[in-house]
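Asks: In this text, residue positions in the sequence shown follow our numbering: the first is 621, and each later residue adds one.
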Amino acid sequence: MTWPTPIDWIPAGGIRILDQTVLPDEEHYCDLHSVEAVAEAIRSLRVRGAPLIGIAGAMGVALAAQLAAAANEKKTMVKAVDDARDVLGRTRPTAVNLRWALDRVGHIAHAAPGDAHAVAEAVRAEAQLIWDEDRQMCRRIGEAGLPLVPDGATVLTHCNAGALATGGMGTALAPIYAAHAAGRRVSVVADETRPLLQGSRLTAWELTAAGIPCTVIVDGMAASRLRRGDIACVLVGADRIAANGDVANKIGTYAVALAARTHGVPTYVAAPRSTFDFACPDGAAIPIEERSADELRCFAGRTTAAPSAAVWNPAFDVTPAELITGYLTDAGLLTRSRLSELAPQAH
Ligand code: MRU
621 MTWPTPIDWI
631 PAGGIRILDQ
641 TVLPDEEHYC
651 DLHSVEAVAE
661 AIRSLRVRGA
671 PLIGIAGAMG
681 VALAAQLAAA
691 ANEKKTMVKA
701 VDDARDVLGR
711 TRPTAVNLRW
721 ALDRVGHIAH
731 AAPGDAHAVA
741 EAVRAEAQLI
751 WDEDRQMCRR
761 IGEAGLPLVP
771 DGATVLTHCN
781 AGALATGGMG
791 TALAPIYAAH
801 AAGRRVSVVA
811 DETRPLLQGS
821 RLTAWELTAA
831 GIPCTVIVDG
841 MAASRLRRGD
851 IACVLVGADR
861 IAANGDVANK
871 IGTYAVALAA
881 RTHGVPTYVA
891 APRSTFDFAC
901 PDGAAIPIEE
911 RSADELRCFA
921 GRTTAAPSAA
931 VWNPAFDVTP
941 AELITGYLTD
951 AGLLTRSRLS
961 ELAPQAH
């Protein structure tokens, strides 16, 4: 199985990312050498997808720790870590994976013994662990999702919850990769995902590169396609799942889930445990990112909305738990009533 690697360490220092804003035209890598550069890459969606944002944030903090450790002053280094967490934590509000990962590396910076270099090393090791764990969780999600993708199945997905969005083989796309590797003939219908086209630019790119057939449709076509009766299931990712099972995901997911319910097609949400926020009681409490009006006003260098028209551009919507058939997690396929099994245990 092959899938792209959207992020990596630069051995001499820094972070290399695959710039997702220019795919599929260009496979261009950017080298990031400062916390501000990492923050800009997250804000502008050069790196994107909830688990990958968490990994990038943790790696950004590790970069800050490494840069500050040069002065070999532990207090200054821990302060640099806290400042980096602050800057990176404000880049995108909806994906809880970011805050979760920043808390993890922050805890290590405050608790690790030794001098500034030892602490910077420990922070980097924690960032690597977050990435490694995500890769394993993606693999387990893929295995758990295999029964949902029998031979001949066509799955409808929204946005990109594949390798480009994670540290491994993706979340919603993981069962597709696993089924393909098992020799099953599977195909995907990808909503193009306005306004930034993560479906047509990214999902279609990574799937076709892996030899998995993918048909792109405009978002408004999803309901008609679901009515045709040839979609085995809807599989989507998530940016945050509240304690009651409500799911924030890319804008348009709610409409897909409504149409799927109407046409008797099951909707599964795939996510690692880092996407669950048990402190958030329900979807109404999830902060929804609002992005620039220009994302709707312009397209491919052309004006696409009347200049004096108002624009509302939330990047995510909330799908109520009632519309979700099951949650495909690294702990298996769970119903809503079993989600509390994923809650972190208090020590
Ligand atoms: O704005 P994006 O491209 O970061 O939005 C991504 C999504 O909505 C994904 O579906 C979600 O993060 C899950 S990624 C495994």
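Every residue, glycine too, gets a C-beta built ideally from N, C-alpha and C.
Between the stretch 814-825 and the stretch 634-648, can you find at least three pairs of beta-carbon atoms closer than 8 Å?
Replies: These segments touch.
Asks: Going by other Cβ atoms of all chains shown within 10 Å of its Cβ, with 16 needed for buried, is E746 buried or exposed?
Replies: Its Cβ being crowded by 16 or more others within 10 Å, E746 is buried.
Asks: Using CA atoms only, rank isn't needed, just tell me which of I627, K694, L959, E647 is closest to F896.
Replies: Nearest of I627, K694, L959, E647 to F896, Cα basis: L959.
Asks: If you follow the beta strand (DSSP E) that G952 is part of, which residue opens it and which one closes it?
Replies: G952 -> beta strand (DSSP E) spans 952-954.
Asks: Confirm, please, whether the CB-CB distance from T939 to P886 is below 9 Å.
Replies: Not in contact: P886 and T939 (Cβ atoms no closer than 9 Å).
Asks: V725 and D859: beta carbons closer than 9 Å?
Replies: Not closer than 9 Å, so no.
Asks: Could you check whether G680 and I635 sit closer than 9 Å to each other, using their CB atoms as the reference points?
Replies: In this structure, G680 lies closer than 9 Å to I635 by Cβ.
Asks: How far does the alpha helix (DSSP H) with N717 in it reach, from first residue to last?
Replies: Run containing N717: 716-731, per the alpha helix (DSSP H) assignment.
Asks: Using 10 angstroms around the beta-carbon of E647, count the other beta-carbons present and answer buried if the total reaches 16, otherwise exposed.
Replies: Exposed, because fewer than 16 other Cβ atoms sit within 10 Å of the Cβ of E647.
Asks: Can you say whether N780 is buried or exposed, counting buried as having 16 or more other CB atoms within 10 angstroms of its CB?
Replies: That one is buried.
Asks: Quick one: does the C-beta of L962 sit closer than 8 Å to a heavy atom of the ligand MRU?
Replies: Checking the Cβ of L962 against the ligand MRU gives no.
Asks: Reducing DSSP to helix, strand and coil, say where C758 ends up.
Replies: Three-state DSSP puts C758 in a helix.
Asks: Contact between the stretch 919-937 and the stretch 720-734 is defined here as three or more beta-carbon pairs at a separation below 8 Å; is this criterion met?
Replies: Cβ pair count under 8 Å is below three, so no.
Asks: Given this structure, state the Cα-to-Cα distance separating N933 from T923, to the nearest angstrom.
Replies: Each residue's alpha carbon lies about 16 Å from the other.
Asks: Would you mind giving the Cβ-Cβ distance between I861 and G787, rounded to the nearest angstrom? I have them listed as a contact below 8 Å.
Replies: Contact doesn't hold; Cβ gap of about 19 Å is too wide.
Asks: Taking contact to mean 3 or more Cβ pairs, one atom from each stretch, closer than 8 Å, check whether the stretch 646-666 and the stretch 788-807 are in contact.
Replies: Segments in contact, no.
Asks: Does DSSP classify P934 as helix, strand or coil?
Replies: If DSSP states are grouped into helix, strand and coil, P934 belongs with the strands.
Asks: Rank D866, A785, A794 by C-alpha distance to the C-alpha of P671 and give the top, closest one.
Replies: Out of D866, A785, A794, A785 has the C-alpha closest to the C-alpha of P671.
Asks: Does the distance from the CB of V742 to the CB of A732 come in under 9 Å?
Replies: One detail in the question is off: residue 742 reads as Ala in this sequence, not Val. Yes, they are a contact pair.
Asks: Contact between the stretch 764-776 and the stretch 803-811 is defined here as three or more beta-carbon pairs at a separation below 8 Å; is this criterion met?
Replies: Yes: at least three Cβ pairs fall under 8 Å.
Asks: Terminal residues of the continuous alpha helix (DSSP H) containing L916?
Replies: Taken as a continuous stretch (DSSP letters only), the alpha helix (DSSP H) holding L916 covers 914-917.
Asks: So does V716 have its beta carbon nearer than 8 Å to some heavy atom of the ligand MRU?
Replies: Outside the cutoff, so no.
Asks: Could you check if C779 belongs to the surroundings of the ligand MRU, using beta carbon to heavy atom distance under 8 Å?
Replies: Yes, Cβ of C779 sits closer than 8 Å to a heavy atom of the ligand MRU.
Asks: Buried or exposed for H730, please, with buried defined as at least 16 other CB atoms from any protein chain shown within 10 angstroms of its CB.
Replies: Classification for H730: exposed.
Asks: Alpha carbons only, please: which of R956, G734, L665, R744 is nearest the one belonging to E693?
Replies: With distances taken between Cα atoms, E693 lies closest to G734.
Asks: Please state if the CB of Q748 and the CB of A950 are separated by a distance shorter than 9 Å.
Replies: Here residue 950 is Asp; the residue named in the question, Ala, does not match the sequence. Contact flag unset, no.
Asks: Pull up the CB-CB distance for E909 and P626, whole angstroms please, since I reckon it's below 8 Å.
Replies: About 20 Å separates the two Cβ atoms, so there is no contact after all.
Asks: Name, in chain order, the residues that DSSP records as bridge partners for R804.
Replies: Partner(s): none; R804 has no beta bridge.
Asks: Residue range of the beta strand (DSSP E) that L638 falls in?
Replies: Where L638 is concerned, the enclosing beta strand (DSSP E) stretches over 635-638.
Asks: Between the alpha carbons of M789 and S928, how many angstroms are there, rounded?
Replies: If I take the Cα positions, the gap works out to 43 Å.
Asks: Taking the alpha carbon of T774 as the point to measure from, which residue in K870, I750, R719, C834 has its own alpha carbon closest?
Replies: Comparing Cα-Cα distances from T774 to each of K870, I750, R719, C834, the minimum goes to C834.
Asks: Work out the CA separation of L878 and G857 for me, nearest whole Å.
Replies: Cα to Cα, the separation comes out at about 16 Å.
Asks: Look at the alpha carbon of S844 and the alpha carbon of A690, and state the distance between them as a whole number of angstroms.
Replies: Going by the C-alpha atoms only, they are around 59 Å apart.
Asks: For S664, which residues from the same chain have a beta carbon less than 8 Å from its beta carbon, with the 5 sequence-adjacent residues on both sides left out?
Replies: So the list reads T641, once near-sequence residues are dropped.
Asks: Identify the residues that DSSP records as bridge partners of Y888: which are they?
Replies: L855, G946.
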